[in-house]
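Note sheet for the following structure.
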Amino acid sequence: EQVKAAGVFTPKQEYYQKVYDKIAQLLVEHDNYDDGSYGPVLVRLAWHASGTYDAETKTGGSNGATMRFPPEGDHGANAGLHAARDFLDPVKKEFPWITYSDLWTLAGVAAIQEMQGPKIPWRPGRNDRDVSYCTPDGRLPDASKEQKHLRAIFNRMGFNDQEIVALSGAHALGRCHTDRSGFSGPWTFSPTTLTNDYYKLLMEEKWAYKKWDGPKQFEDVSTKSLMMLPTDMALIKDKSFKSYVEKYAKDNDAFFKDFSNVVMKLFELGVPFETEERMTFKPSE
Ligand code: DDH
């Protein structure tokens, strides 16, 4: 039974939990994708929807879900994210009252939690906007660059060094695809479980340039099966960044706590919320 106030459907937490549960169920049902989960690409969709935010002009961010439209959907950085949007189509059909922009960030939260990550408090309030709100290309990070670029991109969103490093731990998840970014391979041996392994591997493995025809990337010397992007390696080249990499490599609890806070902040950038209250979703068994 739906709750109606003045003819408008006002969903309560239990309704959003139903959306969460549906996403969790679909993640289990569609375990034949990539490394066995749509989880990583859902996290990337939520991040790319949010990471276009510009604090100065207050444009971009997860409000709007403008990646549905060709100019933004076709940006090079968003290659492959149709897989995540298509995955969520049946969820939108079953719960038509949720906006795409709330759905994408909720799916990011669900994916992180279902991949054994920390709870990410979340609140609704995003509205879908038309094509005129698409952001210009170039707001997301370029993996071939280093510290200076990382700070330029993430300071623009409002993040400091510690937050940049905490956010980057998402690369414990998923992989690079040659037909999407041109890069190749996963960062960790367990790309469908969130751990602090990304930091551990950065600190403990020896990394060398991969010899191949593709873009400049790094591989671990011992197994040659893992990868790091130039932007990942920048986190141990830079003294300030490296101090946080060391901290998170030693302390998974500290990583989970900071990751939860910074992802919550990322998914809320630029959203004119009407409610202060956040909800926390119950993970599936
Ligand atoms: Fe990332 N990321 N990311 N990333 N990212 C890629 C994949 C994934 C950069 C580049 C790439 C974050 C930060 C950065 C995830 C989450 C997050 C790929 C490979 C590239 C390239 C895409 C492909 O070929 O399919 C760069 C550069 C940065 C940076 O400068 C810091 C952040 C902040 C997050 C986050 O979620 C908070 C995830 C998950 C993936 C794996 C996707 C998949 O399909 O698997």
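Take any residue in the sequence shown, count from 1 to its spot, add 187: that is its number in the working numbering. Every residue gets a Cβ at the ideal spot worked out from N, C-alpha and C, and that includes glycine.
N- and C-terminal bounds of the beta strand (DSSP E) containing residue i
| i | result |
| --- | --- |
| E406 | F405 to D407 |
| Y396 | W394 to Y396 |
Assumed close pair residue i, residue j - CB separation to whole angstroms, cut-off 8 Å
| i | j | result |
| --- | --- | --- |
| T379 | P257 | In fact, because the Cβ distance is near 31 Å, the residues do not count as touching under 8 Å. |
| Q334 | F370 | Their Cβ separation, rounded to whole angstroms, is 19 Å, which puts Q334 and F370 out of contact at 8 Å. |
| N250 | E259 | In fact, because the Cβ distance is near 13 Å, the residues do not count as touching under 8 Å. |
| L327 | H269 | Not really, about 16 Å apart at Cβ, beyond 8 Å. |
| I423 | L389 | 5 Å |
| S224 | L232 | Not quite, the Cβ-Cβ distance comes to about 14 Å (not below 8 Å), so this is no contact. |
| A211 | S471 | 4 Å |
| F468 | Q204 | 6 Å |
| G345 | M414 | G345 to M414, Cβ: 29 Å. No contact. |
| Y202 | A297 | Contact flag wrong, Cβ pair sits at about 14 Å. |
| R343 | A242 | 6 Å |
| F443 | P305 | 4 Å |
| A359 | D315 | That pair is no contact at about 31 Å. |
| D348 | S427 | 5 Å |
Residues near residue i by beta carbon distance below 7 Å, same chain, minus five either side
| i | result |
| --- | --- |
| G248 | S237, T239, Y240, L456, G457 and V458 |
| W284 | F196 and P198 |
| K434 | A441 |
| T462 | R310 and G312 |
| E301 | A211, L214, G226, P470 and S471 |
| M420 | W394 and F405 |
| K332 | P417 and T418 |
Buried or exposed by the 16-neighbour rule on C-beta atoms within 10 Å, applied to residue i
| i | result |
| --- | --- |
| P311 | buried |
| G401 | exposed |
| F274 | buried |
| A353 | buried |
| W291 | buried |
| T365 | exposed |
| P323 | exposed |
| Y396 | exposed |
| V318 | exposed |
| P277 | exposed |
| H217 | exposed |
| S412 | exposed |
| W374 | buried |
| T410 | exposed |
| A339 | exposed |
| G325 | exposed |
| D445 | buried |
For residue i, the first and last residue of its enclosing alpha helix (DSSP H)
| i | result |
| --- | --- |
| N439 | N439 to E455 |
| E281 | H269 to E281 |
| R231 | G226 to S237 |
| A339 | Q334 to M344 |
| Y203 | Q200 to E216 |
| M302 | Where M302 is concerned, there is no enclosing alpha helix (DSSP H), given that its DSSP letter is neither H nor E. |
| L388 | D384 to E391 |
| M420 | P417 to K424 |
| P459 | No alpha helix (DSSP H) contains P459, which DSSP labels as neither H nor E. |
| S471 | No alpha helix (DSSP H) contains S471, which DSSP labels as neither H nor E. |
| G260 | P257 to G260 |
| I351 | D348 to S355 |
Same chain only: Cβ atoms within 8 Å of residue i, ignoring 5 sequence neighbours per side
| i | result |
| --- | --- |
| E188 | For E188, the predicted model reports a pLDDT of 43, less than 50, meaning its position is unreliable; a value from the coordinates is still stated below. Closer than 8 Å at the Cβ level, and outside the excluded window around E188, lies no residue. |
| M451 | I307, P308, W309 and R465 |
| K279 | I285, Y287 and L290 |
| K429 | L422 and I423 |
| K245 | G457 |
| Q200 | M466 |
| D222 | G361, R362, P373, P378 and T379 |
Strand pairing of residue i, partner residues [DSSP]
| i | result |
| --- | --- |
| G251 | D315 |
| R362 | P373 |
| D241 | T246 |
| W309 | M466 |
Close beta carbons around residue i, own chain, < 6 Å, minus the five adjacent residues each side
| i | result |
| --- | --- |
| N439 | N383 |
| Y386 | V432, Y435 and A436 |
| G361 | P227 and P378 |
| V408 | K393 and A395 |
| V449 | E350, A353 and L354 |
| A330 | L416 and T418 |
| F341 | I351 |
| D425 | Q334 |
| Y320 | G251 and T253 |
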